[in-house]
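Enquirer: Position in the sequence shown (first residue = 1) + 26 = our numbering. Just so it is clear, CB atoms sit at the ideal spot from N, CA and C, and this is done for glycine as well. Mind having a look at this structure? Questions to follow.
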Amino acid sequence: MQNNQEIINATVAYVKTSLEGAEGGHDWWHIYRVWQLSRQIAAHETADMLVVELGALLHDIADSKFHNGDENIGPARARAFMASQGLPEEIIVHVENIIRYISFKGGHNDHAFRSPELSVVQDADRLDAIGAIGIARAFNYGGFKNRAIYDPAVKPNMVMTREEYKTNTAPTINHFYEKLLLLKDRMNTNTGRVMAAERHQFMETFLEQFYKETGF
Numbered sequence: 027m028q029n030n031q032e033i034i035n036a037t038v039a040y041v042k043t044s045l046e047g048a049e050g051g052h053d054w055w056h057i058y059r060v061w062q063l064s065r066q067i068a069a070h071e072t073a074d075m076l077v078v079e080l081g082a083l084l085h086d087i088a089d090s091k092f093h094n095g096d097e098n099i100g101p102a103r104a105r106a107f108m109a110s111q112g113l114p115e116e117i118i119v120h121v122e123n124i125i126r127y128i129s130f131k132g133g134h135n136d137h138a139f140r141s142p143e144l145s146v147v148q149d150a151d152r153l154d155a156i157g158a159i160g161i162a163r164a165f166n167y168g169g170f171k172n173r174a175i176y177d178p179a180v181k182p183n184m185v186m187t188r189e190e191y192k193t194n195t196a197p198t199i200n201h202f203y204e205k206l207l208l209l210k211d212r213m214n215t216n217t218g219r220v221m222a223a224e225r226h227q228f229m230e231t232f233l234e235q236f237y238k239e240t241g242f
């Protein structure tokens, strides 16, 4: 088996190639940010850095929302790649589980799997969903799906089922209430909580200015 740095280098190359042309909020640069945030958070946690880095790099290798809701394609692609690198089965399974359980899914993702490594990567992924970059990603994806920016007649749905969350087509502003503003209180690590506080405040300020400009 290659050494850890060689495996990470190969994973970076694989992810860059696989996500070429991806939607801007889920492209290589999203992966890169989550990877770097994961490394930053893991430095303050007791976690296997190789698993953290692989989980971060592969967590959106095939996001289900771009594959007709198929939640198995991502773990399957990640497994095939890791097996090609000669990684041990226990690492492959661990990273597969990070990919399966990282997502918000309307707050309905069950807790069948937990690990310090999942906690780190999940916090990093959630940090990239909030703050200035989170705002940019939300509106980019909304435009990609041809959603309205804001419609005061369409109120946020705070009690969506998992299936309703997956098929939701509401205006992008609603997404702040249905997910983004909830993430600060769902962070797993102390480092993640500290980092989330500033980003959360930025979103609050943005929304205040947004409503001021809409005139509602």
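1. Of all the options N200, I33, A222, E143, which has the alpha carbon lying nearest to the alpha carbon of I175?
2. May I have the straight-line CA-CA distance separating F107 from R188, to the nearest angstrom?
3. Can you tell me whether A162 is buried or exposed? The criterion is at least 16 other CB atoms within 10 Å of its CB, across all chains shown.
4. Just mark G81 as buried or exposed, buried being the case when its beta carbon has 16 or more other beta carbons within 10 Å.
5. State whether the segment 215-225 contacts the segment 147-166, with contact taken as three or more CB pairs (one from each stretch) at a distance under 8 Å.
6. With H201 as the anchor, note down where its alpha helix (DSSP H) starts and where it stops.
7. Mind checking V220: buried by the 16 CB within 10 Å criterion, or exposed?
8. State the DSSP-derived secondary structure class of A162, mapped to helix, strand or coil.
9. Sort F165, W54, K205 by Cα distance to N183 and report the nearest one.
10. Does the beta carbon of D74 come closer than 8 Å to any beta carbon on chain C?
11. Just the Cα atoms here: how many angstroms apart are A102 and Q111?
12. Following the continuous alpha helix (DSSP H) through L83, name the residue where it begins and the one where it ends.
13. Closer than 8 Å is the cut-off here; do at least three beta carbon pairs connect the segment 64-72 with the segment 37-52?
14. Pairing CB atoms from the segment 112-128 with CB atoms from the segment 137-151, are three or more of them under 8 Å?
15. May I have the straight-line CA-CA distance separating Y167 from D86, to the nearest angstrom?
16. Going straight from the alpha carbon of A48 to that of Q62, what length do you get?
17. Could you check if T170 is buried or exposed, using at least 16 other CB atoms within 10 Å of its CB as the buried criterion?
Expert: Judging by the given coordinates:
1. N200
2. 29 Å
3. exposed
4. buried
5. yes
6. 198-204
7. exposed
8. helix
9. K205
10. No chain C is part of this structure, which consists of one protein chain only.
11. 14 Å
12. 75-84
13. no
14. yes
15. 15 Å
16. 20 Å
17. It is Phe, not Thr, that sits at residue 170 in the sequence shown. Flag for F170 reads exposed.
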